[in-house]
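Residue numbers (the working numbering): 2 to 243. Don't be surprised by glycine CBs; every beta carbon is placed ideally from N, CA and C. These numbers were taken from a predicted model, which means no experiment stands behind them. Working notes for the structure below.
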Ligand code: UDP
Ligand code: MG
C-alpha cells in the first residue's frame, strides 16, 4: 500500500518519556488492530536524554508501522510536531502526548469525525480535568482558553492546548508550527482557510510516570505567541488583498 493510502498517521512528540513508551505503543497497537486501521506511528524524540530513543528503535524493529525521528537537542513540542507533520502520510493525522494522559481509545471516533463528519480539525477537550489537575493549573488554563477564544474568534473550543487532536491531511500540510505555537494550531488552520473546526470531549488521565515538561512560564510564552500568531495572521490577510 502506498503511504498516502494509509488511514492514519499518529504523531507523538516526546521528551524523556521512557517509562510511558512501551505501554503507550502497546495500547495504540491494540486499538489499531481492533479497528483494522492501516496506520503509521511517528515518534518524534525531542532531544531526550533518557532511554526514549533506544526504546523507539527497539519498538520500531518489532512493528514496522512505528517510525522514529530524533532531534539532537530539545527544540520544543512545536518543532517536534512540525517535523512529524512533514513526514505524515495518512489521510487523517492524529497528534497525542506520550505520557499516557491522552487515551488511544479516542482515536477511532476522532477519525470518524474527520472522515465522515466533515471536520477539518477536531480538538480534544479534557472536560473532567479539574478532577486530576491542581487549581494552579486549571485556573490559568481557563483564562488562557477564554482569551484565545475571544482573540481568535474560534468560539467553540474549550481546550486549545489539548495534545490530542485530529486533522484532515491537507490541514497539517498547509501550516507551519514553531516557537510555542502548538497551542494555536486551530488558529493557524483557521487562517489557512480551514473553517470546519470541531471539538470532542476526551478522557484524560493523570500523568502516570515522570513529570510535566512545562512550567508556569508557559503562560507568558503562550500569550506572547498568541500575539504573534494574531499579528502574522492580520499581516498575511492585509498583504494578500488585491
Ligand atoms: N514535550 C516535547 N518537548 C518538550 C516538552 C514536552 O516533545 O520540550 C512532549 C512531552 O514529552 C509530552 C507532550 O509534549 O509528550 C506534553 O508535555 P507535558 O506532558 O509535559 O505537558 P502537560 O501535559 O503538562 O501540558
Ligand atoms: Mg502531559
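Under three-state DSSP, which class holds residue 176?
coil
Inter-residue spacing [alpha-carbon to alpha-carbon] between residue 233 and residue 160
22 Å
With a threshold of 8 Å on Cβ separation, who are the neighbours of residue 9 within its own chain once the five nearest residues in sequence on each side are excluded?
33, 38, 39, 40, 41, 91, 92, 93, 94, 95, 108, 112
Does the Cβ of residue 35 have 16 or more other Cβ atoms within 10 Å, making it buried, or fewer, making it exposed?
exposed
Start and end residues, alpha helix (DSSP H) containing residue 69:
Element bounds for residue 69: not the alpha helix (DSSP H) but the beta strand (DSSP E), 67 to 71.
Are the stretch 142 to 161 and the stretch 69 to 80 in contact at 8 Å, needing three or more beta carbon pairs?
no
What residue does the beta strand (DSSP E) around residue 137 start on, and which one ends it?
Per DSSP, residue 137 belongs to no beta strand (DSSP E); it is in the alpha helix (DSSP H), 136 to 153.
Distance check for residue 17 and residue 150, CA to CA, integer angstroms please.
32 Å
Check: residue 63 C-beta below 7 Å from any heavy atom of ligand 1:
no
In the DSSP assignment, the beta strand (DSSP E) including residue 168 goes from what residue to what residue?
166 to 169
Assigned secondary structure, residue 203 (DSSP; H/G/I helix, E/B strand, else coil):
coil
Going along the chain, which residues of its own chain have a beta-carbon closer than 7 Å to the beta-carbon of residue 223, five neighbours each way excluded?
145, 181, 184
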